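Chemist:
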Amino acid sequence: MTENASLPEWRITDGLTDYPEALEFMRERVAEIRAGTAGELVWMVEHPPLYTAGTSAKPADLQDASRFPTFEAGRGGQWTYHGPGQRTGYVMLDLTQTHGSVPPRDVRCYVHGLEEWLIRTLDRFGVRGERREGRVGIWVADRMAGTESKIAALGVRVTRWVSWHGVALNVEPNLDHFGGIIPCGIAEHGVTSLHALGILATMDEVDAALRASWGEVFGG
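Dropping the structure here:
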């Protein structure tokens, strides 16, 4: 296996990034990575309130179409909310290369790596994030109450072995905004955030934790 010798560029965009602008940028960057004219990129953004539909989204799971703008994302998965206070990380990697513990040309291991990245990031704040069989995302369990809620979502697309889209971690979004959809098609569980769990981390602190955890999974 060939180890990717160069680290991806790490970019944080201040303010709110329009979703169509993000899609167009990713399309262009993915083509450039594939052509060898640009390097890999991990891009951190926040979006204005909106709903995105993945390739498996069911129309009935959009319960309030008039609440926020909706977009076809082109990624895997179902309906997802993006908005202020949520850190969205778009990951554009050449998956023909090895990235830390992720071997080349293995999308399943790549997704597992994204999950592990989020789990390790949450661990830095004393939050135990967990996977669930048959359910996408990272979950936080309240074992005393016997409930659990999603704290982070994942949705990826791979075009000619270059990844795009990525993850969304709830730092302090307005959780009421998730009410216009059935997030990821799962009605029986709710959503939560770091702030809802009493972890009053700033976005800068979350970005630092994401950056530190990245190398533990993807190398560098």
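Take any residue in the sequence shown, note its place counting from 1, add 62, and you have its number in my numbering.
Note that the Cβ used here is the ideal one computed from N, Cα and C, for glycine as well.
All values reported here derive from a predicted model rather than from experimental measurement.
For V107 and T150, which I take to be in contact (beta-carbon distance under 8 Å), what is that distance rounded to the nearest angstrom?
Modeler: The residue labelled residue 107 in the question sits at position 45 within the sequence shown. The residue labelled residue 150 in the question sits at position 88 within the sequence shown. 5 Å between Cβ atoms; contact.
Chemist: Classify E102 as buried or exposed, calling it buried when 16 or more other Cβ atoms lie within 10 Å of its own Cβ.
Modeler: As a first step, residue 102 is located in the sequence shown; it is residue number 40 there, counting from the start. It counts as buried.
Chemist: From the beta carbon of R222, is the nearest beta carbon of chain C less than 8 Å away?
Modeler: No chain C is present in this structure, which holds just one protein chain.
Chemist: Should the stretch 223–235 be regarded as contacting the stretch 263–271, the criterion being three or more beta carbon pairs within less than 8 Å?
Modeler: Short answer: they touch.
Chemist: From D168 to G139, what distance separates their C-alpha atoms?
Modeler: Counted from its first residue, the sequence shown places residue 168 at position 106. Counted from its first residue, the sequence shown places residue 139 at position 77. The straight-line gap separating the alpha-carbon atoms of D168 and G139 is approximately 18 Å.
Chemist: Could you please give the first and the last residue of the uninterrupted beta strand (DSSP E) stretch that includes H174?
Modeler: By one-based count along the sequence shown, residue 174 stands at place 112. No beta strand (DSSP E) contains H174, which is instead part of the alpha helix (DSSP H) from V169 to D185.
Chemist: Skipping 5 residues on each side, what residues in its chain have a beta carbon closer than 6 Å to that of R182?
Modeler: In the sequence shown, the residue the question calls residue 182 occupies position 120. These residues qualify, in order along the chain: S275 and E278.
Chemist: Going by the beta-carbon positions, is the gap between S225 and V153 smaller than 8 Å?
Modeler: Locating residue 225 in the sequence shown gives position 163, where the first residue counts as 1. Locating residue 153 in the sequence shown gives position 91, where the first residue counts as 1. Yes, the pair counts as a contact, with Cβ atoms nearer than the cut-off.
Chemist: Are Y242 and Q125 closer than 8 Å when you measure CB to CB?
Modeler: Here residue 242 is taken as the residue at index 180 of the sequence shown, counted from 1. Here residue 125 is taken as the residue at index 63 of the sequence shown, counted from 1. In the sequence on display, residue 242 carries Gly and not Tyr. It is a contact, given that the beta carbons lie within the stated cut-off.
Chemist: Could you compute how far the alpha carbon of R96 sits from the alpha carbon of R222?
Modeler: Against the sequence shown, residue 96 aligns to sequence position 34. Against the sequence shown, residue 222 aligns to sequence position 160. Distance between the alpha carbons of R96 and R222: 7 Å.
Chemist: Using CA atoms only, rank isn't needed, just tell me which of P110, W72 and G98 is closest to E83.
Modeler: By one-based count along the sequence shown, residue 83 stands at place 21. Comparing Cα-Cα distances from E83 to each of P110, W72 and G98, the minimum goes to P110.
Chemist: Once you ignore the five residues that flank E94 on each side, which residues in its own chain have a CB closer than 6 Å to its CB?
Modeler: By 1-based counting over the sequence shown, the position of residue 94 is 32. Answer for E94: A100, listed in chain order.
Chemist: Across which residues does DSSP place L112 in a beta bridge pair?
Modeler: Residue mapping note: residue 112 aligns to position 50 of the sequence shown, counting from 1. H144.
Chemist: Starting from V164, trace the alpha helix (DSSP H) both ways and give me its first and last residue.
Modeler: Taking the first residue of the sequence shown as position 1, residue 164 is located at position 102. No alpha helix (DSSP H) holds V164; DSSP gives it neither H nor E.
Chemist: Tell me whether the beta-carbon of R137 lies closer than 8 Å to the beta-carbon of H227.
Modeler: In the sequence shown, the residue the question calls residue 137 occupies position 75. In the sequence shown, the residue the question calls residue 227 occupies position 165. Closer than 8 Å, so yes.
Chemist: Once DSSP output is grouped into helix, strand and coil, what is the label at N232?
Modeler: For the purposes of this step, residue 232 is taken as residue 170 along the sequence shown, with counting starting at 1. Residue state, collapsed to three classes: strand.
Chemist: How would you write the range of the beta strand (DSSP E) that F133 sits in, first residue to last?
Modeler: Translated into positions along the sequence shown, residue 133 becomes position 71. Start and end: T132 to E134.
Chemist: Closer than 8 Å by C-beta to E134: which residues in its own chain qualify, once you throw out the five before and the five after it? Chain order, please.
Modeler: Along the sequence shown, read from residue 1 onward, the residue named residue 134 stands at position 72. Excluding positions up to five away in sequence, the list reads T114 and A115.
Chemist: Output the boundary residues of the beta strand (DSSP E) element that contains I74.
Modeler: By one-based count along the sequence shown, residue 74 stands at place 12. First-last of the beta strand (DSSP E) with I74: E71 to L78.
Chemist: Give me the Cβ distance between T254 and V202, rounded to the nearest whole Å; I'm assuming they're in contact under 8 Å.
Modeler: The residue given as residue 254 occupies position 192 in the sequence shown. The residue given as residue 202 occupies position 140 in the sequence shown. Rounded, the Cβ-Cβ distance is 6 Å, consistent with contact.
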